[in-house]
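Below: one structure, written as structure tokens.
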Amino acid sequence: MVSEDEQQLHVMFLPYMAPGHMMPMVDIARLFAANGVRVTIIVTAFNALRFKRIIDRDIRSGRRIALEILHFPYAEAGLPEGCENLSSTPTPEMSIKLFHAIDLLQPRIEKLFREEHPNCIVSDYLFPWTVKLSTELGIPRLAFSGSGFFNLCVAHNIELYKPHENIQSETETFIIPGLPDQVKITRSQLPDIVKTKTAFSDMFEVLKEAERKSFGVLMNSFYDLEPAYVDHHRKHTGIKTWSLGPVSLFNGDTEDKAARGDTIGVSKHSCLSWLDSRKPDSVLYICFGSLTRFSKAQVTEIASALEASGHTFIWVVEKVIDANNDDGKQEYWLPDYFEDSITKNDKGLIIRGWAPQVLLLEHPAIGGFLTHCGWNSILEGVSAGVPMVTWPIFAEQFYNEKLLTQVLNIGIPVGNETWKIWATQDSPLIHRNKIKNAVSAVMGGEDVAVEMRKRVNRLSKSAKKAVEEGGSSSIDLTALIKDIRLYKETL
56 MVSEDEQQLH VMFLPYMAPG HMMPMVDIAR LFAANGVRVT IIVTAFNALR
106 FKRIIDRDIR SGRRIALEIL HFPYAEAGLP EGCENLSSTP TPEMSIKLFH
156 AIDLLQPRIE KLFREEHPNC IVSDYLFPWT VKLSTELGIP RLAFSGSGFF
206 NLCVAHNIEL YKPHENIQSE TETFIIPGLP DQVKITRSQL PDIVKTKTAF
256 SDMFEVLKEA ERKSFGVLMN SFYDLEPAYV DHHRKHTGIK TWSLGPVSLF
306 NGDTEDKAAR GDTIGVSKHS CLSWLDSRKP DSVLYICFGS LTRFSKAQVT
356 EIASALEASG HTFIWVVEKV IDANNDDGKQ EYWLPDYFED SITKNDKGLI
406 IRGWAPQVLL LEHPAIGGFL THCGWNSILE GVSAGVPMVT WPIFAEQFYN
456 EKLLTQVLNI GIPVGNETWK IWATQDSPLI HRNKIKNAVS AVMGGEDVAV
506 EMRKRVNRLS KSAKKAVEEG GSSSIDLTAL IKDIRLYKET L
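So this is what it looks like as structure tokens:
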């Protein structure tokens, strides 16, 4: 007789050590567990603290989900204790050490997979070696992308047609050929790896090859958000994909939303109480993600723009680059006058560090979102029905901005023109007037803002329908679990 454990699918998840990668993968793992799959998430000790509370809630509800906690080799890599995530590396040098420490984990992770022999591996696409391992074990490997279809299509077509190679100026606008829409960009907004061969070029070729050899790719998106690009990607790449998002919507109650991520920089109750006293659509929410580091000069420009705009705001403040610190240390910093001024005039709330973003964006008082255009933030803004002020910094964020401002028309750009992974004191500044004008355009009552709000509210309704029973993402999840089960049964 077959035991219950043998009948139940066992899927092991391997997220990458960065908040924007970990949180959606954990949400997907929880989705699997909620649909009767036995789930194991491989994680290190300090990273486990980010979502242990929410996993414990799942376990208490009867779901078969567990954390497999590994020791992180920080000392071997020359890192301080507790530095186990990309968000905790303030300098490029420390990031390189973190990458080395992650590489050192590979033998132990491989050993764990061989011992557990799950029915499927779901790994971040940044772990390409899991393809070979899954082949050895005779099980499917699913890659988690962490981005949307639009980004994948833009990247694919830029690589295919190389339109930037015919452009003389860094600031000259050109059209990306072969896309469903007319999408414009400049050379200065392209990632370095696109324009020149870098140390990461060979690695990206390995990642793309691993994706092609995988059973398929899991996408945190939903069909109605980017339908033309879902179809375009499937037609032109031949890679099998499942759209499961927005996965943040799986967190249905207030406690789930508050338990996602790190320790909150301020009480969720004080945040919500503060918002409760505000009028609908009157507060601007500002967050640039966990990896963005601004110079003090840029933070001053942001602060001045917010004061000049006259709009009430919540600002999630990350650490800044300090030119006077030679040891790579960073600090939370705001102009001396600023906090006293906004507190006195009751114009804003400052959160240092982590914020319960999903919970805050859904509050009726939030009327706009100043964002770095990270994919998770975009989905959370869309799900909440909030129009955006766009300020991309690096990675695929400039591509994401084009989706918001040129295709969906639910965002206004501040006008950043330069892709740069590490902010420095001599990084180009976005002047306070540009920031103020973009904020006013989104938060004001002009026709442009009204129409944006209507469009994003329609997308919000579509997002919620997608994850409901019978919705496009729910159907894809059911089909995915069925595909894994069929793979198991054919062995």
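Each residue of the sequence shown is one higher than the last, beginning at 56 in this note's numbering.
Don't be surprised by glycine CBs; every beta carbon is placed ideally from N, CA and C.
Just so it is clear, the structure is predicted and the values come from calculations on it, not from any experiment.
Whole-angstrom distance between residue j and residue i, CA atom to CA atom
i, j, result
"L414", "R333", "16 Å"
"L425", "Y278", "25 Å"
"A265", "F259", "10 Å"
"Y71", "W388", "29 Å"
"N140", "P74", "8 Å"
"D331", "L339", "14 Å"
"T576", "M149", "Here the chain comprises residues numbered 56 to 546, so residue 576 is not present and cannot be evaluated."
"G403", "D286", "43 Å"
"P483", "H427", "16 Å"
"K543", "N102", "31 Å"
"N400", "F349", "26 Å"
"S528", "F106", "23 Å"
"P447", "R108", "31 Å"
"S515", "A130", "45 Å"
"M507", "K351", "32 Å"
"T473", "D236", "23 Å"
Under the three-state DSSP convention, the category residue i falls into
i, result
"N380", "Because the pLDDT of N380 is 49, which lies under 50, any placement of that residue in the model is unreliable, and the number read from its coordinates should be weighed accordingly. Three-state DSSP puts N380 in coil, outside helix and strand."
"W297", "strand"
"D401", "coil"
"C428", "coil"
"T445", "strand"
"V57", "With a pLDDT of only 42 at V57, under 50, the local geometry of the prediction cannot be trusted, and the value read off the model is given with reservation. It is coil, neither helix nor strand."
"L141", "helix"
"L167", "helix"
"S332", "coil"
"S374", "Note that residue 374 is Lys in the sequence shown, not Ser. Here K374 sits in strand by DSSP."
"R513", "helix"
"P390", "coil"
"M78", "helix"
"L416", "helix"
"R407", "strand"
"E148", "helix"
"Y71", "coil"
"P468", "strand"
"E362", "helix"
"H288", "helix"
"L273", "strand"
"I357", "helix"
"E434", "First, the residue type needs correcting, since residue 434 is Leu and not Glu in the sequence shown. In the structure shown, L434 sits in a helix (DSSP, three-state: H, G or I)."
"A518", "helix"
"R115", "helix"
Residue j beta carbon less than 8 Å from that of residue i
i, j, result
"I406", "L64", "no"
"I231", "V261", "no"
"I120", "D113", "yes"
"K519", "P145", "no"
"S298", "S276", "yes"
"G470", "K489", "yes"
"V497", "P442", "yes"
"L181", "F168", "no"
"I536", "N212", "no"
"V84", "F68", "What sits at residue 84 in the sequence shown is Ala, not Val. Yes, the pair counts as a contact, with Cβ atoms nearer than the cut-off."
"F449", "K475", "yes"
"I421", "V444", "no"
"T95", "E191", "no"
"G201", "W430", "yes"
"T241", "T226", "yes"
"E281", "G344", "no"
Bridge partners - residue i, DSSP secondary structure assignment
i, result
"Y216", "Bridge partners of Y216: none, in fact."
"D179", "F199"
"G423", "L339"
"T367", "V338"
Cβ-heavy atom distance, residue i to the ligand COA, below 7 Å
i, result
"S328", "The ligand COA is not part of the structure shown, which contains no ligands of any sort."
Length-filtered (4 minimum) alpha helix (DSSP H) runs lying within the segment 186 to 271: 204 to 216, 247 to 250 and 256 to 268
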